[in-house]
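The structure under discussion appears below in the form of structure tokens.
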Amino acid sequence: MIKALIVDDEINNSNYLKALLQNNLPEVDICGVASNIKDAINLIREKKPNLVFLDIELQTATGFDLLSQLDAINFSVIFTTAHQHYALQAIKFAALDFLLKPIDAEELKVAVGKAVKQQKDNSFSKNMDVLLENMLKKNEQKKIAISTAESIHVIEIKDIIYCQADGPYTIIFLSSGKIMSSKHLKEYENLFTEYGFFRVQKSFLVNIAEIRKYIKGDGGHVVMSNGDKVSVSEKKKDDLMSKLSDKIIFI
């Protein structure tokens with residue numbers, strides 16, 4: 294059984310989620326419901342849940358405020374929210390899951406399945422460190438937690454040279470090697486665009502700061518800081534050139 298706690302300041306939302314869990318995931322035992330940070334912290338310490346469904350906006354506080362007040366986070370978290378805004382990017386950077394309200398039963402099953410895997414990997418503490426550290430940063434460089442089949446890798450976004458699609462997976466290239474992520478390249482494009490990354494073609498997302506040359510011949514390609522060559526699609530050339538301006542050598 295999975296011992297779960299629901300933290301939401303609206304009773305209708307709590308009741309709806311309880312019903313979804315009871316009807317679709319009988320292996321989840323709801324050990325308590327809290328509507329504010331104080332009650333949630335007391336229940337977490339008393340019940341020691343494996344999983345917490347945490348609303349992002351809690352009256353005058355947030356779910357992040359709750360997490361920052363705990364001495365240790367030894368449970369998985371699935372965030373629940375009615376709002377798509379900046380906080381969801383921070384959650385994705387930390388390789389955590391979230392559900393948009395009204396919660397869909399199938400999406401709930403998938404999220405709980407991920408939480409179960411996270412319990413087996415014992416990775417929640419590392420993910421939470423990334424989340425809370427990024428929430429404290431504003432315009433500074435962010436970190437991202439990347440889940441692979443073997444472990445969780447925590448890296449700074451600026452250290453990524455480029456990303457390559459591999460079917461439904463993404464290969465992330467660093468100066469120290471490469472990582473295979475289970476996320477689609479489109480997800481990384483959505484996350485990284487505001488941090489200086491550009492989709493030069495269908496299969497490649499590059500860190501503009503890591504481009505060293507642009508070579509015009511053979512349709513055009515860029516040379517990255519690790520020496521790898523990445524071709525640029527014809528329709529992306531002009532946009533890339535405007536972003537590069539005087540940062541690189543043109544050949």
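Each residue of the sequence shown is one higher than the one before, starting from 294 at the first, in my numbering. The C-beta atom is built at its ideal place from N, Cα and C for all residues, glycine as well.
| For Lys506, is the beta carbon positioned less than 7 Å from some heavy atom of the ligand PLP? | No copy of the ligand PLP appears in this structure; indeed no ligand is present at all.
**Request:** Have a look at the DSSP bridge pairing and note the partners of Cys456.
**Result:** Stepping through the sequence shown from its first residue, residue 456 is reached at position 163. Paired residue(s): Ile465, Leu498.
query = Using 8 Å as the Cβ pair cut-off and three pairs as the minimum, do the stretch 416 to 423 and the stretch 465 to 473 touch?
reply = no
Next on the checklist: To test your reading of the DSSP string, which unbroken beta strand (DSSP E) runs of 3 or more residues are found completely within the stretch 381 to 459?
Outcome noted: 390 to 393, 436 to 440, 445 to 449, 453 to 459
Length at least 3, wholly inside the stretch 340 to 365: the beta strand (DSSP E) runs in chain order:
The qualifying runs are 344 to 348.
For Val423 versus Lys436, is the C-beta distance shorter than 8 Å?
-> As a working note, residue 423 is residue 130 in the sequence shown. As a working note, residue 436 is residue 143 in the sequence shown. A distance below 8 Å separates the beta carbons of Val423 and Lys436.
Using 8 Å as the threshold, is the stretch 380 to 389 in touch with the stretch 306 to 315, meaning 3 or more CB pairs across them? no
For this session: Indicate the three-state DSSP secondary structure (helix, strand or coil) for Met534 in the structure shown.
Result: Within the sequence shown, the letter at position 241 stands for residue 534. DSSP places Met534 in helix when its eight states are reduced to three.
Taking C-beta to C-beta, are Phe346 and Thr373 nearer than 8 Å? For this step, residue 346 is matched to residue 53 along the sequence shown. For this step, residue 373 is matched to residue 80 along the sequence shown. Against a cut-off of 8 Å, the Cβ pair of Thr373 and Phe346 comes out as a contact.
Problem - Residue burial classification, Gln362 (beta-carbon count within 10 angstroms, cutoff 16) - result: Taking the first residue of the sequence shown as position 1, residue 362 is located at position 69. Exposed, since its Cβ has fewer than 16 Cβ neighbours within 10 Å.
Could you check the C-alpha separation between Glu320 and Val409 for me, to the nearest Å? Position 27 of the sequence shown, counted from the start, is the residue given in the question as residue 320. Position 116 of the sequence shown, counted from the start, is the residue given in the question as residue 409. If you take the alpha carbons of Glu320 and Val409, they lie about 11 Å apart.
key: Contact between the stretch 436 to 452 and the stretch 350 to 364 (3+ Cβ pairs under 8 Å)   = no
Taking the alpha carbon of Asn500 as the point to measure from, which residue in Ser518, His514, Gly510 has its own alpha carbon closest? Here residue 500 is taken as the residue at index 207 of the sequence shown, counted from 1. The shortest C-alpha separation from Asn500 is found at Ser518.
inquiry  = Using only CA atoms, which one of Ile384, Ile448, Ser328, Pro395 lies nearest to Gln352?
reply    = For the purposes of this step, residue 352 is taken as the residue at position 59 of the sequence shown. With distances taken between Cα atoms, Gln352 lies closest to Ser328.
Query raised in the report: What's the gap between the Cα of Phe491 and the Cα of His378?
Result: Taking the sequence shown and counting its residues from 1, the one referred to as residue 491 is at position 198. Taking the sequence shown and counting its residues from 1, the one referred to as residue 378 is at position 85. Approximately 22 Å between the Cα atoms of the pair.
### Message
Rounded to whole angstroms, what is the Cα-Cα separation between Cys324 and Ser307?
### Response
To locate residue 324, count along the sequence shown from 1; it is residue 31. To locate residue 307, count along the sequence shown from 1; it is residue 14. Spanning the two alpha carbons is a distance of roughly 13 Å.
- Query: Assuming Lys340 and Lys296 make a contact with CB atoms under 8 Å, what is their CB distance in whole Å?
  - Reply: Locating residue 340 in the sequence shown gives position 47, where the first residue counts as 1. Locating residue 296 in the sequence shown gives position 3, where the first residue counts as 1. Indeed they touch by this definition, with Cβ atoms about 7 Å apart.
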